[in-house]
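First up is the structure itself, then whatever we jot down about it.
Numbering (my numbering), first residue to last: 32 to 496.
Structural data, given as structure tokens:
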């Protein structure tokens, strides 16, 4: 089969946690994979779509594809399996990638041709090469690959340790061929991977090796988007833009050299430990508008558990003081329900939110996600049966399922009460601070829907404070 006749459908499985959380385009990583393949196999025809359980059948009606690449989080796993089942009925082979299959490769179902574990560029390239050669994906060839999970003679085979691309600068921009940037605020990535091992996060399992795009590559991307699409507002969606002060300083120097320094604005995400006086000055120089920080808790005890003793309340207080004094807005994320968290701990979180002038605040109800230390502990202690999990129940913005609550230091009803109390605080804070900021409307709408859902269920916890 000639490469030019191959059509690949890239598809993001989604679950309906909130209507307002749905983006118009699939996740950025799918476009990055497609751009990588396009650079290496320029004759391939790509088609893109995203799916939900409600509308994917309409979107594929009357269209034919050779391969379907599906990206799925844990919460969207049910939808991913549904899509793969339908694709198999249409004789389209599905390859599954993303956080869930990388964390729990054992959850692969026979409806998928195979799963990709970890970084996907080189694995997907090899898969396409095999399909071109054989017009199928022979198990004998797949078994020689690393970074895949597949079925052989009815049994799951897992081949981990896939190769990774050490130099990210050689990867093409996701905006090079297919993706049109959002004119309000365009997403960028400054790094891949995570060096940390937070109690609640599976990022290290998916991509354990931290790799950076160079300052030169990032500034070239910004310059391209600014000149070609007139984009002036950028959001770095990874957590590591501030991890290297040297790189951050070089970004500022290069933007100044290209006369872009005062023409663009930036949002980014960071941990509080990365923010000191030098970093804050650089952020102000770069015209950073919002920094998102996962504070998670106002209790030192809970924070130590969640962040594995890497971050302290002193780090939180320092980061807030430096950012606010430099007129940079703070988007704070928090959690409720961590095992060992007491009512007094939650009250410390409430006090922390009240005392500090964060422009946006959001709260999640902690759930164990596959691959995290939290999940692994529960599996080891036999509190979770991995073979019998409805993964859609693991939404972090829902508190309506008691079976996923594992905190013996505070009752489930108390945790639900405080979660909704903090959510109401967040909503009032966010409306008050951001009525004139359309970029943050999505957060406000999502919180309104969560609170509405709570009251519709008529859960009436006792008044505890």
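Don't be surprised by glycine CBs; every beta carbon is placed ideally from N, CA and C.
- Residue burial is scored here from C-beta neighbours: residue 165 has fewer than 16 other C-beta atoms within 10 angstroms and is therefore classed as exposed.
- Counting C-beta atoms within 10 angstroms of its own C-beta, residue 90 has fewer than 16 neighbours from the protein chains shown and is therefore classed as exposed.
- Scanning its chain for C-beta atoms nearer than 6 Å, with the 5 sequence neighbours on each side dropped, one finds around residue 140 the residues 112, in chain order.
- Of the residues 344, 408, 420, the one whose Cα lies closest to the Cα of residue 370 is 408.
- Closest in C-alpha terms to residue 219, from the list 229, 230, 207, comes 207.
- Within the same chain, and ignoring the five residues on either side of residue 93 in sequence, no residue has its Cβ closer than 7 Å to its Cβ.
- In terms of Cβ geometry, residue 300 and residue 265 do not form a close pair [threshold 9 Å].
- Assignment of residue 157 by DSSP, reduced to helix, strand and coil, places it in the helix class.
- Around residue 229, the same chain offers 337, 338, 339 as residues with beta carbons nearer than 7 Å, after the five sequence neighbours per side are excluded.
- In the three-state reduction of the DSSP assignment, residue 242 falls in the strand class, which pools E and B.
- Contact between the stretch 164 to 181 and the stretch 140 to 153 is present: three or more C-beta pairs spanning the two stretches fall below 8 Å.
- Residue 288 is not bridged by DSSP to any residue.
- Excluding residues up to 5 positions away in sequence, 392, 393, 394, 478 lie with their Cβ nearer than 7 Å to the Cβ of residue 457 in the same chain.
- Counting every other CB atom within 10 Å of its CB across the protein chains shown gives residue 431 a total below 16, marking it as exposed.
- Closest in C-alpha terms to residue 404, from the list 175, 189, 45, 236, comes 236.
- For residue 418, the closest of 67, 462, 135 by C-alpha to C-alpha distance is 135.
- When DSSP states are grouped into helix, strand and coil, residue 221 belongs to the coil group.
- Scanning 104, 110, 126, 323 for the CA closest to the CA of residue 40 turns up 126.
- Around the beta carbon of residue 214, a 10 Å sphere encloses fewer than 16 other beta carbons of the protein chains shown; the residue is thus reported as exposed.
- Within the model, the alpha-carbon separation for residue 260 versus residue 297 is close to 16 Å.
- About 6 Å separates the Cβ atoms of residue 104 and residue 129, confirming a contact at the 8 Å cut-off.
- Positions of the beta strand (DSSP E) runs, each at least 3 residues long and wholly inside the stretch 72 to 131, are given as 76 to 79, 98 to 102, 124 to 128 in order along the chain.
- Counting only runs of at least 3 residues, the stretch 169 to 209 fully encloses the following beta strand (DSSP E) elements, listed from N- to C-terminal order: 179 to 183, 186 to 190.
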